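**Student:** Attaching a single structure in structure tokens format; questions to follow.
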Amino acid sequence: MNPTIDLTTPGFWLVALLAMAVMTPITHGALRRWVWACVNLLFIAWMLRLRVVEVVAGVAVAHLALRLLTCRGWGLLIALGGLASTVGLFVLHKLPGVSQGMGTSVVNPLLLAVGFSYVFLRLIDAGRVIYEGGRAPPDLPSTVNYLLPFHMLAAGPIQSYEDFVDQPAIPKPISAVEALSGVERIALGLFKKFVVAYMIRKVFLTEFYVTGPYFLFEVQLHYLWIYLDFSAYSDIAVGIGRLMGVHTPENFDRPYLARNMIDFWDRWHISLSLWVRRNLFIPVQLSLARRTGGKRALMIATLAFTVSFLLCGLWHGISWPFFAWGAMHAFGLVVTNAYRYWLTRRLGRKGVKAYKEKLIYRLLAQLGTFQYVAFSLVIIVYPWKDLWS
Amino acid sequence: MSQTLEQLNEVFQDVFEDDDLSVEAQTSAKDIDDWDSLMHVNLVLAVESRFDVRFTSTEVAGLKDVGELVALVEKKQA
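Just so you know, the protein sequences line up as chains A and B, in that order.
Oh and the first sequence: position 164 is 164 in the working numbering, straight run, nothing missing.
Oh and the second sequence: position 52 is 1052 in the working numbering, straight run, nothing missing.
This is the structure:
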């Protein structure tokens, strides 16, 4: 079995402690970048048992490609070539069978170990921003630190390239209260993942091999389990980041309170939602809106939602269940948007505001959204093969 | 209020259909109920049309408040 990131191994926590110890006292920006890069590479070599030379070679290629994006005349060619190569690696990562057929399966253990799905998103984000002149390309240690931050490898969050570049070279010294809040955040994450989520899974979840009322009960708990388990990774990453002085974006904001699907994506996997907004939704919407001179806004938003969330589904996994999950979320977003549009036309903006403030409508909307999300998650894990056989 | 901000205020009033709306440099999406990702693009298109400028998707996605929008418009016009 290939080594992957495991929070239960002492090594992970030793690297985290080492990072906090060596990075906190550094007051020189360039030195801090190099030390942080060495910590990330140490993690990859020690915990993931990858050969550093292979990882550094991969990062060096990415670094060179990102720098070449700023070359006049060649930028577009490099951007298209880089995008095709990155998407190609992503497909090989997600479909190991294809990789084997092409004789390239040697790259799969490396892609799996570093969690290439997230590296892929970071590469695309950096490439777009640099190509459009939004920020300068990174130096070599910053390329390592942006693409392979050890505490964000397992399950994100996905820091935007602009946010990464805009951080001060030397962070403010951390106060005792901030340090304590970082430790609390890690403890919260560990408790959520290894106590609450673990118990829910062991005691209540059957992987949907049940029918009747228990099935409905399991649908609710399955959503709760995914939220607790997934948000726990983010809590731990945010806590470690705070203690190391490495800004780590928040990823969840009480998604179970969402009152519609647009609100849900402002609260769930926020860093992915913002990535989709920056790299898919806005470019698609902007491009279509310019073509129509700003007319047919509803139809354009519908197309932008559909394209964005079908691709978002396929990012999670290149399979029919994930495609269906993406389609269900796209549908939910489109309906929410169309309903809001219709409501505004009917009630006016002030009327909509008054409508949204009514408690009964809010509770019904929250309940409906919770159920919609919970059932969408069942699509991914339901034992369809057993049902059909 | 700078001239650019004054003109932007009119664009905001048109886009959000609210004649009482008044924006300042610190005004962000959190301060205006309907300023979500959908309205954001409509707003950007209206600003492009009013000031005869064109933004990249990175610039559109990165705008955090009205002050940044003012600075961006003025930079494009310089």
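Idealized CB from N, CA, C, for every residue including glycine.
Keep in mind that this is a model prediction, so the values were computed, not measured.
With a threshold of 9 Å between beta carbons, is residue 1034 (chain B) in contact with chain A?
**Tutor:** Closer than 9 Å to some Cβ of chain A, the Cβ of residue 1034 (chain B) qualifies, so yes.
**Student:** Compute the minimum distance between the beta carbon of residue 311 (chain A) and the heavy atoms of the ligand MG, and state whether it is under 8 Å.
**Tutor:** This structure lacks the ligand MG; in fact it carries no ligand of any kind.
**Student:** If you follow the alpha helix (DSSP H) that residue 312 (chain A) is in, where does it begin and where does it stop?
**Tutor:** Counting along the chain, the alpha helix (DSSP H) containing residue 312 (chain A) begins and ends at 297 to 316.
**Student:** Using 9 Å as the threshold, is the C-beta distance between residue 150 (chain A) and residue 43 (chain A) below it?
**Tutor:** In contact: residue 150 (chain A) and residue 43 (chain A) (Cβ atoms closer than 9 Å).
**Student:** Apart from the five residues on each side of it in sequence, which residues of its chain come closer than 8 Å, Cβ to Cβ, to residue 1036 (chain B)?
**Tutor:** Here the set comprises 1029.
**Student:** Any idea if residue 237 (chain A) is buried or exposed, counting beta-carbon neighbours within 10 angstroms, 16 or more meaning buried?
**Tutor:** Burial call: buried.
**Student:** Between residue 182 (chain A) and the rest of its own chain, which residues show a CB-CB distance below 6 Å, the 5 nearest in sequence each way excluded?
**Tutor:** The answer, listed in chain order, is 239, 242, 243.
**Student:** How would you list, in chain order, the residues of chain B whose beta-carbon sits under 8 Å from the beta-carbon of residue 353 (chain A)?
**Tutor:** Those within 8 Å of residue 353 (chain A) in chain B are 1033.
**Student:** Just to make sure I have the definition right: I need the residues of chain B whose C-beta is within less than 7 Å of the C-beta of residue 285 (chain A). Which are they?
**Tutor:** Those within 7 Å of residue 285 (chain A) in chain B are 1041.
**Student:** Examine chain A for any beta-carbon lying closer than 9 Å to the beta-carbon of residue 1056 (chain B), and answer yes or no.
**Tutor:** Yes, contact with chain A.
**Student:** Would you report the Cα separation of residue 5 (chain A) and residue 157 (chain A), rounded to the nearest angstrom?
**Tutor:** If you take the alpha carbons of residue 5 (chain A) and residue 157 (chain A), they lie about 15 Å apart.
**Student:** Which same chain residues, not among the five before or five after residue 1018 (chain B), have their C-beta less than 6 Å away from its C-beta?
**Tutor:** For residue 1018 (chain B), where only same-chain residues beyond five positions count, there are no Cβ hits under 6 Å.
**Student:** I want to verify the contact list: residues of chain A whose CB lies under 8 Å from the CB of residue 1017 (chain B), in sequence order.
**Tutor:** Those are 349, listed as they occur along chain A.
**Student:** Return the residues of the stretch 249 to 265 of chain A that lie within a Cβ-Cβ distance of less than 8 Å from chain B, sorted by chain order.
**Tutor:** Residues passing the 8 Å Cβ filter: 262.
**Student:** Residues in the same chain with beta-carbon distance under 7 Å from residue 330 (chain A), minus the five sequence neighbours each way, listed in chain order, please.
**Tutor:** Once the five neighbours on either side are set aside, the close Cβ partners of residue 330 (chain A) are 305, 306, 309, 310.
**Student:** How far does the alpha helix (DSSP H) with residue 1035 (chain B) in it reach, from first residue to last?
**Tutor:** Run containing residue 1035 (chain B): none; DSSP gives neither H nor E here.
**Student:** For the stretch 286 to 306 of chain A, which residues have a CB atom closer than 8 Å to at least one CB atom of chain B, in sequence order?
**Tutor:** Residues passing the 8 Å Cβ filter: 286, 289, 290, 294, 297, 301.
**Student:** Would DSSP call residue 150 (chain A) helix, strand or coil?
**Tutor:** Correct three-state label for residue 150 (chain A): helix.
**Student:** Buried or exposed: where does residue 395 (chain A) fall if 16 or more other Cβ atoms within 10 Å of its Cβ makes it buried?
**Tutor:** With chain A covering 1 to 389 only, the question about residue 395 (chain A) has no answer from this structure.
**Student:** Beta carbon of residue 284 (chain A), beta carbon of residue 303 (chain A): below 9 Å?
**Tutor:** Their beta carbons are under 9 Å apart, which means residue 284 (chain A) touches residue 303 (chain A) by this criterion.
**Student:** Run through the stretch 199 to 280 of chain A for me and flag every whole beta strand (DSSP E) of 3 or more residues, listed as ranges in chain order.
**Tutor:** List check, beta strand (DSSP E) in window: nothing returned.
**Student:** Strictly below 8 Å CB to CB, what residues from chain B border residue 134 (chain A)?
**Tutor:** Neighbours of residue 134 (chain A) on chain B, chain order: 1056, 1058, 1059, 1062.
**Student:** Quick check: the stretch 168 to 179 of chain A against the stretch 87 to 97 of chain A, are there 3 or more CB pairs under 8 Å?
**Tutor:** No contact exists between the stretch 168 to 179 of chain A and the stretch 87 to 97 of chain A.
**Student:** Ignore the nearest five residues each way along the sequence and tell me which others in residue 254 (chain A)'s own chain have a CB closer than 7 Å to its CB.
**Tutor:** Taken in chain order, the residues that qualify are 267.
**Student:** List the residues of chain A whose Cβ lies closer than 8 Å to the Cβ of residue 1072 (chain B), in chain order.
**Tutor:** Here the premise fails: no neighbours, minimum Cβ distance about 11 Å.
**Student:** Inspect the beta-carbon positions of residue 154 (chain A) and residue 233 (chain A) and report whether they are closer than 9 Å.
**Tutor:** Yes, Cβ-Cβ distance for residue 154 (chain A) and residue 233 (chain A) is below 9 Å.
**Student:** Between the beta-carbon of residue 17 (chain A) and the beta-carbon of residue 62 (chain A), is there less than 9 Å?
**Tutor:** Cβ distance not < 9 Å, so residue 17 (chain A) and residue 62 (chain A) don't count as in contact.
**Student:** Along the chain, where does the alpha helix (DSSP H) that runs through residue 1054 (chain B) open and close?
**Tutor:** Run containing residue 1054 (chain B): none; DSSP gives neither H nor E here.
**Student:** Helix, strand or coil: which one does DSSP assign to residue 1 (chain A)?
**Tutor:** A caution first: residue 1 (chain A) carries a pLDDT of 42, below 50, which makes its placement in the model unreliable, though a value can still be read off. Looking at residue 1 (chain A) - three-state DSSP - the assignment turns out to be coil, as it is neither helix nor strand.
**Student:** Which first and last residues belong to the alpha helix (DSSP H) in which residue 1021 (chain B) is found?
**Tutor:** Note, residue 1021 (chain B): premise wrong, no alpha helix (DSSP H); not H, not E.
**Student:** What ranges does the alpha helix (DSSP H) occupy inside the stretch 25 to 82 of chain A, keeping only unbroken runs of at least 4 residues that lie completely in it?
**Tutor:** Runs of the alpha helix (DSSP H) inside the stretch 25 to 82 of chain A: 29 to 46, 52 to 68.
**Student:** Taking 8 Å as the threshold, find out whether the stretch 1004 to 1016 of chain B comes into contact with the stretch 277 to 294 of chain A through three or more Cβ pairs.
**Tutor:** With a cut-off of 8 Å, the stretch 277 to 294 of chain A and the stretch 1004 to 1016 of chain B do not count as touching, because too few Cβ pairs lie within range.
**Student:** I'd like to know if the stretch 124 to 138 of chain A and the stretch 1041 to 1048 of chain B are in contact, where contact means that at least 3 CB-CB pairs between them fall below 8 Å.
**Tutor:** They do not touch, by the three-pair rule.
**Student:** Residues in its own chain within less than 7 Å of residue 249 (chain A) by CB, not counting five upstream and five downstream?
**Tutor:** For residue 249 (chain A), where only same-chain residues beyond five positions count, the Cβ hits under 7 Å are 157, 159, 163, 271.
**Student:** Mind checking which residues open and close the alpha helix (DSSP H) that includes residue 96 (chain A)?
**Tutor:** From DSSP, the alpha helix (DSSP H) with residue 96 (chain A) extends over 96 to 102.
**Student:** Does residue 1045 (chain B) come within less than 9 Å of chain A when only Cβ atoms are used?
**Tutor:** Yes, residue 1045 (chain B) lies at the interface with chain A (some Cβ there is under 9 Å from its Cβ).
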